[in-house]
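Using the working numbering, the first residue of the sequence shown is number 18, and each one after it goes up by one. From the three backbone atoms N, C-alpha and C, an ideal C-beta is built for every residue, glycine too. Reading through the structure tokens given below for one structure.
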Amino acid sequence: MNENELMLILKSNPEFACLVSDMIPKAKKIYVDSRHDLAISVMRSNNKYRDGHYVTHVYVNGKRKVVEKATEEELYDFLFEHYKAIDNRLKPLEDVFEMFILDKRSRAISEQTIKEYRRYFGYLNPKIQKKRLIDISEDDIRTWLINEFLQRKPKKEALKKMLQIIGMIFKFGIRKRLCIENPVSYIQAQDYYKCCDLSNKTNEDRSFSEEDIVQIKAYAMEHSTNPHAAMILLAIETGMRAGELAALRKSDIDGDIIHIHRQQTKIPRSELSEQQFFVDVDYTKNERMNPSGGRPFPISEECRKAIDVALVLPGESEYLFHHSNGSPVQKDCYGRYLRRVCKRLGINITHNHAFRVALNARLIAAGVDGNERCLVLGHSMQTNERHYSFGDKRRVEDIKEKLNSNKIA
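This is the structure we're talking about:
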């Protein structure tokens with residue numbers, strides 16, 4: 018339980034808060050007494066400002082230092098922080114990593130980023146994870162990097178990300194005075210690029226082919242009463258992200274335009290909640306830091322057919338894609354369904370993003386320029402995207418005509 022969660026509990030239960038406030042000084046005293054073996058004495062002085070003060074000694078960098086406080090409680094508070102800092106410096110890397118994660122959550126870092134941090138940290142050798150932070154050297158990191166991580170033939174970007182995350186943990190440790198240096202700062206990713214997978218995936222490697230889409234579309238039409246299958250049909254025609262599809266509501270369809278301006282995001286399990294749940298947020302992935310009202314997508318003939326399939330799904334709901342009880346589809350469930358469909362059809366690519374790449378290729382073939390693709394797909398070209406507003410009906414209408422003339426059978 019982190020400090021914020023503890024404060025929430027204390028505020029909600031005054032009686033428990035009083036009990037805890039009585040216990041804390043006793044717990045601190047027990048903690049200090051178990052570590053502090055030097056005498057604590059009461060001063061007797063002619064100086065009235067110092068008479069009755071509590072005095073003891075501590076060792077700082079091997080040197081004996083006098084500590085004097087006005088009251089016994091103040092002295093124990095000081096000693097508690099002193100020994101806590103020493104204990105923190107003895108923490109293994111895995112414990113410091115958890116402290117680092119809590120710090121990131123307090124700064125409203127997305128759970129997707131937290132998940133990425135955990136995935137990369139998992140690549141570290143368990144022996145290094147359990148080693149004290151202050152004992153981990155540059156040689157430890159280099160040896161693991163050469164003998165283990167680089168044997169995986171990572172991409173250059175993965176190598177840079179790996180070193181960046183380890184470095185961030187050490188920088189956090191320095192800020193919290195858990196260590197004095199960052200050994201990763203001496204390691205340059207470019208020195209190891211030659212050990213990485215330097216091949217580049219083509220659009221064909223990252224995208225469904227036209228043949229793939231024909232198969233997937235046919236399968237989805239056969240199972241069109243399943244909301245996951247209906248989502249596939251709209252993903253093919255719009256390239257919408259999984260979270261955007263899950264959060265799409267019927268009110269977002271206005272005439273010949275889909276207004277894509279929200280996404281479904283996951284709130285993970287925590288110590289206060291044993292369940293993970295999904296909520297809608299009023300921005301899309303590329304707008305998280307700079308919300309700008311979403312983006313339009315023109316409803317072509319095939320897109321309209323996909324929407325019509327969704328509109329007759331069993332049950333009533335404000336969401337376009339929903340179960341028979343009216344609850345919206347969860348994006349993770351949709352992702353798993355898509356993977357099963359692709360594997361059943363013998364298609365190696367199994368992720369929703371491949372629909373975006375495929376649609377981008379179709380838009381290029383239809384003569385849609387880069388700025389127009391940015392407008393409707395919500396790519397990360399934010400600078401260009403700001404020049405095209407949601408109200409640019411003329412440009413959106415042009416894109417719709419191009420899509421209608423270049424549809425897949």
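- Item | Identified DSSP bridge partners for residue 283 | 295
- Message: Here's the rule I'm using: 16 or more other beta-carbon atoms within 10 Å means buried, otherwise exposed. How should residue 43 be labelled?
- Response: exposed
- Item | Integer Cβ distance of residue 376 from residue 265, believed to fall under 8 Å | Actually they are not in contact, since the Cβ atoms of residue 376 and residue 265 sit about 16 Å apart, beyond 8 Å.
- Task: Measure the CB-CB distance between residue 57 and residue 73 and report whether it falls below 7 Å.
- Result: yes
- Same chain only: Cβ atoms within 8 Å of residue 91, ignoring 5 sequence neighbours per side: 71
- Is it true that the CB of residue 373 sits closer than 7 Å to the CB of residue 256? yes
- Query: When DSSP builds the beta bridges, which residues end up paired with residue 74?
  - Reply: 83
- Message: I'd like the span of the beta strand (DSSP E) that includes residue 276, first residue to last.
- Response: 274-277
- Message: Between residue 179 and residue 166, how many whole angstroms is the CB-CB distance? I'm expecting something under 8 Å.
- Response: 6 Å
- Between the region 222-239 and the region 353-372, do at least 3 Cβ pairs fall closer than 8 Å? yes
- Drop a sphere of 10 angstroms on the beta-carbon of residue 60, count the other beta-carbons inside from all chains shown, and report buried for 16 or more, exposed for fewer. exposed
- Message: What ranges does the alpha helix (DSSP H) occupy inside the region 147-193, keeping only unbroken runs of at least 4 residues that lie completely in it?
- Response: 155-164, 173-192
- Item | Given residue 246 as reference, the closest of 66, 418, 346, 100 once Cα atoms are compared | 346
- Between the C-alpha atoms of residue 306 and residue 417, what's the straight-line distance to the nearest angstrom? 29 Å
- Message: For residue 263, tell me which candidate among 339, 186, 193 has the shortest Cα-Cα distance.
- Response: 339
- Message: I want to see whether chain D comes within less than 7 Å of residue 87, judged by CB atoms only; does it?
- Response: Absent from the structure is chain D; it holds one protein chain and no more.
- Can you name, in chain order, every residue of its own chain whose Cβ lies under 7 Å from the Cβ of residue 81, other than the five neighbours on each side? 74
- Message: Quick test of your reading: residue 369 and residue 355, contact by CB under 8 Å. State the CB separation rounded to the nearest angstrom.
- Response: 6 Å
- Output the boundary residues of the alpha helix (DSSP H) element that contains residue 244. 244-255
- Excluding the five sequence neighbours on either side, which residues of its own chain have a C-beta within less than 8 Å of the C-beta of residue 294, listed in chain order? 283, 284
- Look up residue 312 in the DSSP assignment and give the residues it is bridged to. 277
- Exposed or buried, which one is residue 267 when buried takes at least 16 other CB atoms within 10 Å? exposed
- Hey, how far is the Cα of residue 415 from the Cα of residue 312? 16 Å
- Message: Below 8 Å, how does it come out for the region 94-102 and the region 124-136: are there three or more Cβ pairs, yes or no?
- Response: no
- Do you know offhand how far residue 211's Cα is from residue 168's? 12 Å
- Message: Given this structure, state the Cα-to-Cα distance separating residue 87 from residue 67, to the nearest angstrom.
- Response: 7 Å
- Query: Under a three-way DSSP split, which group does residue 331 fall into?
  - Reply: coil
- Query: Taking DSSP as the reference, what is the three-state secondary structure of residue 58?
  - Reply: strand
- Item | Coarse secondary structure for residue 266, derived from DSSP in three states | strand
- Task: Could you tell me if residue 317 is buried or exposed, where buried requires 16 or more neighbouring beta carbons within 10 angstroms of its beta carbon?
- Result: buried
- Task: Verify whether the separation of the beta carbon atoms of residue 113 and residue 150 is less than 7 Å.
- Result: yes
- Task: State the DSSP-derived secondary structure class of residue 336, mapped to helix, strand or coil.
- Result: strand
- What are the complete alpha helix (DSSP H) segments, minimum 4 residues, inside the region 361-396? 370-382, 387-394
- Run the CB neighbour count on residue 242, radius 10 Å, all protein chains shown included, and call it buried at 16 or more, exposed below. exposed
- Message: With H, G and I counted as helix, E and B as strand and the rest as coil, what does DSSP make of residue 271?
- Response: strand
- So, is residue 209 buried or exposed, given that buried needs 16 or more other C-beta atoms within 10 angstroms? buried
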